[in-house]
Every structure is written in structure tokens, then in C-alpha cells.
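Residue numbers (my numbering): 3 to 341.
Every residue gets a Cβ at the ideal spot worked out from N, C-alpha and C, and that includes glycine.
Input: a single structure, listed below in C-alpha cells.
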């Protein structure tokens, strides 16, 4: 597909084959230097641990076209660090921060024609991943591994962009206590497919998961993190060992505190205390910020600011975050890596 056939203003979050992807192999105790390839098909052993035992993890980050034509990578060091933690949790070799960032740069440069133009609201989404491969059948760590990064041009994850969406509290658990909830591994997302599908069939944007121990506290919104704005202007986001530590969440915490002057609270968000919040949202690399219009729990819909209009604090957070990402607003030190 050539970029001339892409409607930049109507991009969603769908796979589009781009020109090049990065591929590196771990053999004999080390990663090779990696290479760019046009082949988007992986060739792996049928006994690969990624296929049978879920030994794999992934990341998601974006490259943005700036007004002056330059390209920004947003906090890739944080994605590298999180992937290192995920790899450690699943007994996979870690990819160094240097190799991770340089590989991201290589992929962006090789696919520059797919970066959505400045002002369209789109970005180039990068999907790094590590998988266990090689001939194996026993439940053990793999003999070999692949580290790869591909990219796709994307728009809004939820249709409609920055518009409120309603969500449904699920009776299912996303992750187990003391499990892999804080690691970005495929099993967590496989567990969300059924409840997510059920929520969509009931005409909600996605499912919201409560804490697996007590089912009394909000933990995650689909594949994104939750935040709420209290009536006294506190930015509140769940703090739990089974919540994925999102890069967007981490960034909003700092922006809320330093740019908007909000008090930040990382703590419990009880499902029976939703009235404490005047606004709520979901945040993540793919979703950016999705305002939550309402949450349905026990057949009752609790509406926050509005089901149709974005709350003022959420609007300010979105403007600040996206402005930093695209270079329109000065970024905190170390947040932007130029390609």
C-alpha cells in the first residue's frame, strides 16, 4: 500500500502493512545487531514457547510528525524499561534501552512516508515485541528469542476521537493477584477478549475490570488505565500490583501535578464511590485520553461530566499531552527523542 491511498483524516486502529520492520535474534546468550526486513511474516518453530506457554511480551509507542517537519518519539526509554520488566517476569532476555531506542528510530526512518501529517491527529504506532522461539516442548524458558518492531499509521483507538464513551463493569478478572497484571504480556489481553466482546455487544465501548481480590475497586479500563478528577480537583488513578504501569498514565500524573496544579493521588478507586468524581477517563498509548461519559454497574449507569461533552480538566490534560507529543508545547526534560 502506498501512502497516497491512505485517508489520513479517517485512520482508525487497524493493521496496515508498512515497508520495513526490525528483527533481532537471541542465540547463544546474546542478541544480534538486528536488521530491517520487508518480510512481515515470522518463521518460527512449531514448538515455540510463545505459541504454547505464552512466553511473550510487547510494547506500544508512537512517533509524531511535528509542525516543523521533524519527528518525535515519545518517552521510548520508559517503554524500554517496561519491556525489560516484562521480560524479567517471563524469564526472557532483556533488550537494552540503547538497542530498543535505536531500533525504534530505524523503523521510523524506514517508514517515514507512513507517518500521518501534522494536524491530522494521527501518529505512527510502533509495536515492539519479544517472543520465545526454537524447538521445544517442555514447560521451560525458550532456547531462542526474537525481538521485533513493526509500525502502522493510526488515528483514534475509539471511534469519534475525543468524545465521551460509556463503559461496562465486567464480572471477569483481567489478571490474577500476584500474577502478570503489571507486565505487558499477551495473556492479560487474551483474558479480556470475551468480556470486551460482551461489553461491545451491549453497546458499550469496552469493559472495566475490578480488582481480582475483592471486586470493589476499579483497576483497568479495557486495555487502558483509569483516572478520575474529584470535585476538589484531585487527579486520582488506581494503584495496584495488578495494574499495568502505563506510560501515558505516568505522563498524565506529572502533567496534572506540574502543569495543571492538581493534587495527584495514586490509590483505591472504589466502585461504590463514583460520585466522588466529576470527570473520568481512560488513558493509554493507543487510546491517548478517552473521556468516560458513564460507567454501568449492576444495571445502573453513573454519568460523570456528560455523555456527550468532554469535561474541562480532561480537555486541558489532552491538550497538554498531545501538545507535548507533537512539539507544540515544551516537553519535560527527557520526554522527547528526535528521530
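In the DSSP assignment, residue 80 falls within the unbroken alpha helix (DSSP H) covering 78 to 91. Taking the C-beta atoms as reference points, residue 186 is found nearer than 9 Å to residue 88.
In this structure the segment 166 to 176 lies against the segment 184 to 198, because at least three pairs of beta carbons, one per stretch, are closer than 8 Å.
With respect to residue 248, residue 224 sits apart: the two C-beta atoms are not nearer than 9 Å. In this chain, the beta strand (DSSP E) harbouring residue 304 covers 302 to 305.
Taking the C-beta atoms as reference points, residue 11 is found no nearer than 9 Å to residue 113. Of the residues assessed, residue 51 falls on the buried side of the cut-off, its CB having 16 or more other CB atoms within 10 angstroms.
Cβ-Cβ distances below 6 Å link residue 66 to 74, 125, 327 and 328 in the same chain, with the five nearest sequence neighbours on each side left out; the list follows chain order. The beta carbon of residue 141 sits closer than 8 Å to the beta carbons of 55 from its chain, once the five residues preceding and following it are set aside; these are given in chain order. When rounded, the separation of the alpha-carbon atoms in residue 92 and residue 26 is 19 Å. Unbroken beta strand (DSSP E) stretches of 3 residues or longer found wholly inside the segment 113 to 163: 125 to 135 and 146 to 156, given in chain order.
In the DSSP assignment, residue 322 falls within the unbroken alpha helix (DSSP H) covering 314 to 327.
Classified as exposed, residue 340 has fewer than 16 neighbouring CB atoms from the shown chains inside 10 Å of its CB.
With respect to residue 237, residue 219 sits apart: the two C-beta atoms are not nearer than 9 Å. Between the alpha carbons of residue 334 and residue 138 lies a distance of about 46 Å.
Non-local C-beta neighbours of residue 211 in its own chain, meaning closer than 6 Å and more than five positions away in sequence, comprise 172, 176, 221 and 222, ordered along the chain.
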